[in-house]
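Some notes on the structure that comes next.
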Amino acid sequence: MSKEGVMAVRGRATPARRPWPGRGEAVTAWLMSAPALILLVLFMIVPFGLALGFAFSNQRLIPGPLPTRFIGLRNFVRILEDPVFWRSLLNNFAFALVVVPVQSALALFLALLVNARRRFIVAFRAIYFVPTVTTMVVVAVIWTFLLSGDGLVNAILRAVSFGTLGPYQWIEDVRLALPAVMMVSIWQGVGFQMVIYLAGLQDIPAERYEAAQMDGAGRWQQFWHITMPGLRNTHIFVLVATTVLAFKLFTQVEVMTQGGPLNATQTIVRYLFQSGFRELKVGYASAMSVLFVGIVLAISLAQRWLLREEREVA
Amino acid sequence: MGGPTAPAASAAAAVTPARRTGDEAWEAVFHYALLAFFAAIFLGPLVVMIVSAFKDDELRLLKELGTWKAFVPTAPSLQNFADVFRRMPFHRFLLNSLVVVAGIVGGGLVVNSMIAYALARLRFPGRRLLLSLIVGLIIIPFEGIAVPLLLEVNRLGWIDSYHVQILPFVAHPFSIFLFYQFFIGIPKEFDEAARVDGANRGRIYWSIILPLSRPVIATVSILQALEYWGAFLWPLMVTRGETYRPLTVAMQTFFGQYPRDWGDSMAFATMMTVPVLLVFIAFQRWFIQSLSSSGVKG
Numbered sequence: 146m147s148k149e150g151v152m153a154v155r156g157r158a159t160p161a162r163r164p165w166p167g168r169g170e171a172v173t174a175w176l177m178s179a180p181a182l183i184l185l186v187l188f189m190i191v192p193f194g195l196a197l198g199f200a201f202s203n204q205r206l207i208p209g210p211l212p213t214r215f216i217g218l219r220n221f222v223r224i225l226e227d228p229v230f231w232r233s234l235l236n237n238f239a240f241a242l243v244v245v246p247v248q249s250a251l252a253l254f255l256a257l258l259v260n261a262r263r264r265f266i267v268a269f270r271a272i273y274f275v276p277t278v279t280t281m282v283v284v285a286v287i288w289t290f291l292l293s294g295d296g297l298v299n300a301i302l303r304a305v306s307f308g309t310l311g312p313y314q315w316i317e318d319v320r321l322a323l324p325a326v327m328m329v330s331i332w333q334g335v336g337f338q339m340v341i342y343l344a345g346l347q348d349i350p351a352e353r354y355e356a357a358q359m360d361g362a363g364r365w366q367q368f369w370h371i372t373m374p375g376l377r378n379t380h381i382f383v384l385v386a387t388t389v390l391a392f393k394l395f396t397q398v399e400v401m402t403q404g405g406p407l408n409a410t411q412t413i414v415r416y417l418f419q420s421g422f423r424e425l426k427v428g429y430a431s432a433m434s435v436l437f438v439g440i441v442l443a444i445s446l447a448q449r450w451l452l453r454e455e456r457e458v459a
Numbered sequence: 025m026g027g028p029t030a031p032a033a034s035a036a037a038a039v040t041p042a043r044r045t046g047d048e049a050w051e052a053v054f055h056y057a058l059l060a061f062f063a064a065i066f067l068g069p070l071v072v073m074i075v076s077a078f079k080d081d082e083l084r085l086l087k088e089l090g091t092w093k094a095f096v097p098t099a100p101s102l103q104n105f106a107d108v109f110r111r112m113p114f115h116r117f118l119l120n121s122l123v124v125v126a127g128i129v130g131g132g133l134v135v136n137s138m139i140a141y142a143l144a145r146l147r148f149p150g151r152r153l154l155l156s157l158i159v160g161l162i163i164i165p166f167e168g169i170a171v172p173l174l175l176e177v178n179r180l181g182w183i184d185s186y187h188v189q190i191l192p193f194v195a196h197p198f199s200i201f202l203f204y205q206f207f208i209g210i211p212k213e214f215d216e217a218a219r220v221d222g223a224n225r226g227r228i229y230w231s232i233i234l235p236l237s238r239p240v241i242a243t244v245s246i247l248q249a250l251e252y253w254g255a256f257l258w259p260l261m262v263t264r265g266e267t268y269r270p271l272t273v274a275m276q277t278f279f280g281q282y283p284r285d286w287g288d289s290m291a292f293a294t295m296m297t298v299p300v301l302l303v304f305i306a307f308q309r310w311f312i313q314s315l316s317s318s319g320v321k322g
């Protein structure tokens with residue numbers, strides 16, 4: 146976030162800003178901020194505070210016979226002893242470990258593919274973006290259909306392998322269910338990142354490529370010495386955004402596999418949804434929420450740190 | 025490929041002019057082949073969805089799914105679409121989705137741009153603190169507060185309504201930040217001129233700043249609309265019957281009924297997807313442009 150930089154520039158442009166005549170400026174400012182501020186407090190800050198509070202209590206969604214009381218760290222201890230939680234966390238990490246590099250590399254490749262000056266190139270850009278404007282629930286339904294036993298995916302695999310591969314029961318198979326969810330997620334999300342990479346590519350000055358060609362650099366060398374370093378900030382943004390999305394994984398799983406088979410596709414968000422909403426264990430789910438927010442916070446702070454590093458160097 | 029392609033080819037041509045046209049032609053063929061391959065991967069599943077929606081004979085539909093006929097509407101029929109309306113009030117779900125998205129986007133434009141205007145162009149005590157708060161809130165993922173928020177709205181008696189799906193999402197820290205970034209870039213001379221003419225701050229916001237802000241308004245609207253048109257977790261938690269249920273939850277309920285009717289499911293999915301695709305196709309040029317111009321700055 147470059148707000149400091151931008152404000153510094155503005156400060157230079159108007160060094161002597163005179164105060165507004167009259168003293169209503171602060172009142173106006175707070176009045177204009179009030180609606181957003183009230184909503185943010187009510188629907189972000191209060192529930193976040195509640196999550197912190199409930200995490201240390203035995204709160205339930207519907208008041209039971211036992212009163213809500215403080216139970217210290219018991220929720221956290223139980224979570225750490227819960228094999229389903231560990232399985233969910235492992236699945237989230239496995240998902241991120243595969244999807245982040247594969248999706249980002251594919252997005253960069255597609256961006257390079259559609260960054261050329263050719264006829265119909267704008268149409269291809271739009272086509273690659275189509276899955277992104279398709280709602281995830283619909284995407285999950287379509288792919289469940291395509292991945293079914295005698296569906297298109299198995300038919301294509303059979304054809305290209307001359308009958309040696311498949312058919313696979315993708316969604317029912319403990320080993321294949323998570324890869325299937327990964328594939329669907331990449332298919333849906335890659336277009337968005339392609340657009341971000343495309344913007345990054347277009348920010349790299351053409352003169353750098355021209356100079357490299359004068360020095361006799363080949364295309365591959367240009368890619369490694371100009372394109373890749375020129376995309377540094379884009380890489381960081383894409384990697385961090387995809388990692389955060391990987392930890393928010395829910396919709397695809399809920400529609401395609403409901404976390405199964407045998408928790409092979411269970412995720413943290415789905416498990417905290419299941420505990421808090423389906424099993425009404427709000428305290429338990431809140432403790433998991435706190436851990437989840439902590440993970441996302443750590444990822445975002447890593448991004449800030451990486452970007453600051455870059456600015457100091459530059 | 026990409027930026028370096030064209031200049032690299034012409035540099036080679038300077039050395040060996042005779043080979044130039046042949047190489048370039050092959051390169052173009054290869055490039056278009058790759059482009060077409062990926063186009064097939066991204067469009068194929070949606071073509072199968074639309075084509076299958078027109079196949080009424082369920083057995084035949086399943087038999088053809090593993091063949092090239094999955095892409096051809098053999099014996100097209102509108103029966104599946106009629107079935108969807110017979111089984112569920114699709115139009116009700118569509119209306120619900122539209123009301124919720126319009127409420128979030130419309131309310132969000134007003135509320136988020138106002139606070140961003142105050143932060144970017146007014147000076148008041150507490151401004152820096154407020155700004156840090158907003159930037160900090162960008163990081164909090166909704167999934168992390170969904171369960172306690174459910175308890176909160178449950179106590180308020182808001183379950184199963186429009187406002188429970190709209191109000192929590194109107195104020196959006198990232199949208200505020202996008203507005204803020206855009207507003208601080210607008211030259212001060214614009215409002216100083218208006219000030220001389222006797223306009224007050226509210227008037228400057230409304231008739232000077234907002235009309236200049238079409239690009240950021242477009243970006244914020246697109247991002248919010250895409251996000252909440254596809255919202256699933258929260259509506260799944262707070263809607264009960266059919267009255268306020270949006271398309272996403274209805275789609276999943278429909279899909280989860282056994283025995284599954286793939287023809288009907290694909291008709292539902294098609295009706296939910298094609299209108300959005302048409303809007304996207306109509307505006308795709310600045311759609312992609314406005315997203316790419318704002319994305320990296322997050």
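Which chain is which? The protein sequence lines are S and L, in order.
Taking the numbering used here, the leading residue of the first sequence gets 146, the next gets one more, and so forth.
Taking the numbering used here, the leading residue of the second sequence gets 25, the next gets one more, and so forth.
C-beta atoms are modelled at their ideal positions from N, C-alpha and C, and glycine is treated no differently.
Where the alpha helix (DSSP H) through M328 of chain S begins and ends: Translated into positions along the first sequence, residue 328 of chain S becomes position 183. Per DSSP, M328 of chain S belongs to the alpha helix (DSSP H) from 322–348.
Partners in chain S for I74 of chain L, counting only beta-carbon separations shorter than 7 Å: As a first step, residue 74 of chain L must be located in the second sequence, where it is residue number 50. None at all; the shortest Cβ gap to chain S is about 10 Å.
At least 3 beta-carbon pairs within less than 8 Å: the segment 268–286 of chain S vs the segment 293–310 of chain L: yes
P100 of chain L, DSSP secondary structure in three states: Sequence index remark: in the second sequence, residue 100 of chain L carries index 76 (1-based). In this structure, P100 of chain L counts as strand in the three-state DSSP scheme.
Same chain only: Cβ atoms within 7 Å of S434 of chain S, ignoring 5 sequence neighbours per side: Within the first sequence, numbered from 1, the residue matching residue 434 of chain S stands at position 289. Around S434 of chain S: A196, L417.
CB contact check: N120 of chain L to chain S, cutoff 8 Å: Numbered from its first residue, the second sequence carries residue 120 of chain L at position 96. Answer no: the Cβ-Cβ gap between N120 of chain L and chain S never drops below 8 Å.
C-alpha gap between V298 of chain S and I128 of chain L, whole angstroms: Residue 298 of chain S sits at position 153 when you count from the first residue of the first sequence. Residue 128 of chain L sits at position 104 when you count from the first residue of the second sequence. So the two alpha carbons sit approximately 38 Å from each other.
Min CB distance Y273 of chain S to chain L below 8 Å: Here the question's residue 273 of chain S lines up with position 128 in the first sequence. Yes, because at least one Cβ of chain L sits closer than 8 Å to the Cβ of Y273 of chain S.
Spatial neighbours of L83 of chain L in its chain, beta-carbon cut-off 8 Å, leaving aside the 5 residues before and after: Within the second sequence, numbered from 1, the residue matching residue 83 of chain L stands at position 59. Correct list: empty, nothing qualifies.
Chain L contact for P246 of chain S (CB, 8 Å cutoff): Your numbering for residue 246 of chain S matches position 101 in the first sequence. Not an interface residue.
Cβ-Cβ separation, L206 of chain S to L118 of chain L (assumed contact under 8 Å), whole Å: By 1-based counting over the second sequence, the position of residue 118 of chain L is 94. By 1-based counting over the first sequence, the position of residue 206 of chain S is 61. L118 of chain L to L206 of chain S, Cβ: 30 Å. No contact.
Test item: CB-CB of R269 of chain L and N104 of chain L under 8 Å: Translated into positions along the second sequence, residue 269 of chain L becomes position 245. Translated into positions along the second sequence, residue 104 of chain L becomes position 80. No, Cβ-Cβ distance for R269 of chain L and N104 of chain L is not below 8 Å.
Host alpha helix (DSSP H) of R205 of chain S (start-end): In the first sequence, the residue the question calls residue 205 of chain S occupies position 60. Unbroken run through R205 of chain S: none, as it is neither H nor E.
Separation of E48 of chain L from T40 of chain L, as counted between CA atoms: Counting from 1 along the second sequence, the entry for residue 40 of chain L is found at position 16. Counting from 1 along the second sequence, the entry for residue 48 of chain L is found at position 24. Only weak support exists for where T40 of chain L lies, its pLDDT of 46 falling under 50; the value from the coordinates is given anyway. Taking the straight line from one Cα to the other gives about 13 Å.
Element boundaries [alpha helix (DSSP H), containing T277 of chain L]: Translated into the one-based positions of the second sequence, residue 277 of chain L becomes position 253. Looking at the DSSP string, the run of the alpha helix (DSSP H) that includes T277 of chain L is 271–279.
Span of the alpha helix (DSSP H) around S137 of chain L: If you number the second sequence from 1, residue 137 of chain L lands on position 113. Note, S137 of chain L: alpha helix (DSSP H), 114–145.
Where the alpha helix (DSSP H) containing H187 of chain L begins and where it ends: Taking the first residue of the second sequence as position 1, residue 187 of chain L is located at position 163. H187 of chain L -> alpha helix (DSSP H) spans 187–194.
Inter-stretch contact (C-beta, 8 Å, three-pair minimum) for the segment 201–209 of chain L and the segment 136–156 of chain L: yes
L260 of chain L versus R262 of chain S: straight-line alpha-carbon distance, rounded: Counting from one through the second sequence, the residue named residue 260 of chain L turns up at place 236. Counting from one through the first sequence, the residue named residue 262 of chain S turns up at place 117. So the two alpha carbons sit approximately 45 Å from each other.
Neighbour-count burial assignment, A126 of chain L, 16 or more Cβ in a 10 Å radius: By one-based count along the second sequence, residue 126 of chain L stands at place 102. A126 of chain L should be labelled exposed.
Contact between the segment 224–234 of chain L and the segment 276–291 of chain L (3+ Cβ pairs under 8 Å): no
Burial state of R128 of chain S (16 or more Cβ within 10 Å): Residue 128 of chain S lies beyond the range of chain S shown here (146 to 459); nothing can be said about it.
Stretch-stretch touch, CB-based, cutoff 8 Å, three pairs: the segment 183–196 of chain L with the segment 178–185 of chain S: yes
Contact check, V441 of chain S vs G168 of chain L, beta carbons under 8 Å: Within the first sequence, the letter at position 296 stands for residue 441 of chain S. Within the second sequence, the letter at position 144 stands for residue 168 of chain L. It is a contact, given that the beta carbons lie within the stated cut-off.
Sheet register partners of K79 of chain L (DSSP bridge): Position 55 of the second sequence, counting from 1, holds the residue named residue 79 of chain L. K79 of chain L is bridged to L:P100.
Among S:G404, S:N260, S:A200, the one whose alpha carbon lies nearest that of E317 of chain S: In the first sequence, counting from the first residue as 1, residue 317 of chain S sits at position 172. When only C-alpha atoms are compared, the closest one is S:G404.
Anticipated Cβ contact below 8 Å, A386 of chain S with A200 of chain S, distance rounded: Along the first sequence, one-based indexing puts residue 386 of chain S at 241. Along the first sequence, one-based indexing puts residue 200 of chain S at 55. About 27 Å separates the two Cβ atoms, so there is no contact after all.
contact_flag[the segment 242–251 of chain S, the segment 335–348 of chain S] where n(CB pairs < 8 Å) is 3 or more: yes
Contact belief for R377 of chain S with E399 of chain S at Cβ below 8 Å, rounded distance in angstroms: Start at 1 with the first residue of the first sequence, and residue 377 of chain S comes out as number 232. Start at 1 with the first residue of the first sequence, and residue 399 of chain S comes out as number 254. No, R377 of chain S and E399 of chain S are not in contact; Cβ-Cβ is about 36 Å, not under 8 Å.
Where the alpha helix (DSSP H) through N408 of chain S begins and ends: What you label residue 408 of chain S is simply residue 263 of the first sequence in a count that begins at 1. Looking at the DSSP string, N408 of chain S is not in any alpha helix (DSSP H), and its letter there is neither H nor E.
Alpha-carbon to alpha-carbon, A60 of chain L and P31 of chain L: Your numbering for residue 31 of chain L matches position 7 in the second sequence. Your numbering for residue 60 of chain L matches position 36 in the second sequence. Here P31 of chain L scores only 43 on pLDDT, less than 50, and its place in the model should not be relied on; the value that follows carries that caveat. P31 of chain L and A60 of chain L: Cα-Cα distance of roughly 23 Å.
Beta-carbon spacing of A242 of chain L, W310 of chain L below 8 Å: For the purposes of this step, residue 242 of chain L is taken as the residue at position 218 of the second sequence. For the purposes of this step, residue 310 of chain L is taken as the residue at position 286 of the second sequence. The answer is yes: Cβ separation under 8 Å.
Contact list for the segment 170–185 of chain L against chain S, Cβ threshold 8 Å: A170, V171, P172, L173, L174, L175, E176, N178
Outcome for R145 of chain L when other beta-carbon atoms lying within 10 angstroms are tallied against a minimum of 16: The residue labelled residue 145 of chain L in the question sits at position 121 within the second sequence. With 16 or more Cβ atoms within 10 Å of its Cβ, R145 of chain L is classed as buried.
Three or more C-beta pairs below 8 Å linking the segment 98–115 of chain L and the segment 299–313 of chain S: no
7 Å Cβ cut-off: residues of chain S touching Q308 of chain L: One-based indexing of the second sequence puts residue 308 of chain L at position 284. By Cβ distance, chain S contributes A271.
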